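Written below as structure tokens is the structure these notes are about.
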Amino acid sequence: MIVALTANALVGNDEMFTRSGFDGFIPKPIDVLHLDDVLNKFIRNRHPEEAKKYKPETTMQSAKAADETRAKMLKIFCRDAEKAILTLRETTANGDIKLFTTTAHAMKSALANIGETEKSKLAAALEKAGLDGNKDFIAANTRNFIKTLETLIKELSPAETNTANANVTEDTAYLKEQLQIIKTACENYDDTAAYAALDRLKEKQWKQETTEILEKIRDALFLHSDFDGAAEMVSQK
Numbered sequence: 000m001i002v003a004l005t006a007n008a009l010v011g012n013d014e015m016f017t018r019s020g021f022d023g024f025i026p027k028p029i030d031v032l033h034l035d036d037v038l039n040k041f042i043r044n045r046h047p048e049e050a051k052k053y054k055p056e057t058t059m060q061s062a063k064a065a066d067e068t069r070a071k072m073l074k075i076f077c078r079d080a081e082k083a084i085l086t087l088r089e090t091t092a093n094g095d096i097k098l099f100t101t102t103a104h105a106m107k108s109a110l111a112n113i114g115e116t117e118k119s120k121l122a123a124a125l126e127k128a129g130l131d132g133n134k135d136f137i138a139a140n141t142r143n144f145i146k147t148l149e150t151l152i153k154e155l156s157p158a159e160t161n162t163a164n165a166n167v168t169e170d171t172a173y174l175k176e177q178l179q180i181i182k183t184a185c186e187n188y189d190d191t192a193a194y195a196a197l198d199r200l201k202e203k204q205w206k207q208e209t210t211e212i213l214e215k216i217r218d219a220l221f222l223h224s225d226f227d228g229a230a231e232m233v234s235q236k
């Protein structure tokens, strides 16, 4: 099964992708419901006996998973938006319109993915200005767009807890036990066991440094399926 992920989602392109050997395509920004339909079509519906082995989640479990996914998406967006702000400032100063346009395009998709449609349109306008070489429009509108991103980052970022976490007494024995489970799971490419251990660790309080490492391990698995990288981070802890 080969499914194309593309921003080229014009009417009739489904036939083009089919002729090119693809089984289907998913347009960007990604609609999670559409993604779910595609996965069901090509995986669950084609392998019903295999699908029966997996117990459906309860409504509460599904809601919790959706909340956690949303929180993860917002965290990733804030991180990417902070990098984009730096790039937009640098490129407007040095005249690198190609990198400026690429960054505006990335923000257009990222904003749409988290439901910020109007702000995505602002990024799209800057992207178009970059493609058209409209430096006057870029000069007149980039600063306001950066302020919009900065405000949104503040709204979406959780309150800092560094002071409170500094006084936490860590259960180091439990931490080592769960980290070993994660390491073994990564070595066996078992993401289910790794996530379960990470979820158990999430139920306890840890110092800021430990919390950040656990988040990096989860990101390595969740975003990149990087089992080797996750195992390496566990070994360094």
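Under numbering that gives the first Met the number 0, the first residue of the sequence shown is numbered 0, with each subsequent residue one higher. Using N, Cα and C, we set each Cβ at its ideal position, and we do this for glycine too. Because the structure is a prediction, the values reported are computed rather than measured.
Within 8 Å, strictly: CB atoms of Ala83 and Thr102: yes
Under 8 Å between C-beta atoms of Thr141 and Thr86: no
Contact with chain C by Lys201, beta-carbon distance below 8 Å: In the structure shown, chain C cannot be found, because there is only a single protein chain.
Arg217 beta carbon near the ligand ATP (any heavy atom closer than 7 Å): This structure lacks the ligand ATP, and indeed carries no ligand of any kind.
Ile25, DSSP secondary structure in three states: strand
Option nearest Gln226 by Cα separation, candidates Asn143, Glu169, Asp66, Asp190: For clarity, residue 226 is Phe in the given sequence; the question names Gln instead. Selected option, being the one with the closest Cα: Asp190.
Rounded Cβ spacing between Val233 and Lys182 (contact assumed at less than 8 Å): 4 Å
Three-way DSSP call (helix, strand, coil) for Val233 in this model: helix
Burial state of Gln177 (16 or more Cβ within 10 Å): Result: buried.
Span of the beta strand (DSSP E), counted from its first residue to its last, around Thr5: 2 to 5
Cβ pair Ala184, Ala196 closer than 8 Å: yes
Under the three-state DSSP convention, the category Asp135 falls into: helix
Buried/exposed call for Glu211, threshold 16 Cβ in 10 Å: By the neighbour-count definition (other C-beta atoms within 10 Å, threshold 16), Glu211 is an exposed residue.
Reduced DSSP secondary structure (H/G/I, E/B, other) of Tyr188: coil
For Glu214, the first and last residue of its enclosing alpha helix (DSSP H): 207 to 223
Straight-line Cα distance separating Asn39 from Asn112: 21 Å
As assigned by DSSP and simplified to three states, the class of Val167: coil
Lys127 vs Ser119 beta-carbon contact at 8 Å: no
Alpha-carbon spacing of Glu154 relative to Thr100, whole angstroms: 26 Å
CB of Ile144 within 8 Å of CB of Ala122, strictly: First, the amino acid is wrong: residue 144 is Phe here, not Ile. Result yes, Cβ atoms of Phe144 and Ala122 sit closer than 8 Å.
Contact under 8 Å by Cβ, Leu174 with Glu115: Going by C-beta atoms, Leu174 is not nearer than 8 Å to Glu115.
Residues of its chain near Ala230, where Cβ-Cβ distance is below 7 Å and the 5 sequence neighbours each way are ignored: Lys182, Cys185, Glu186
Spatial neighbours of Gln204 in its chain, beta-carbon cut-off 6 Å, leaving aside the 5 residues before and after: Excluding positions up to five away in sequence, the list reads Val167.
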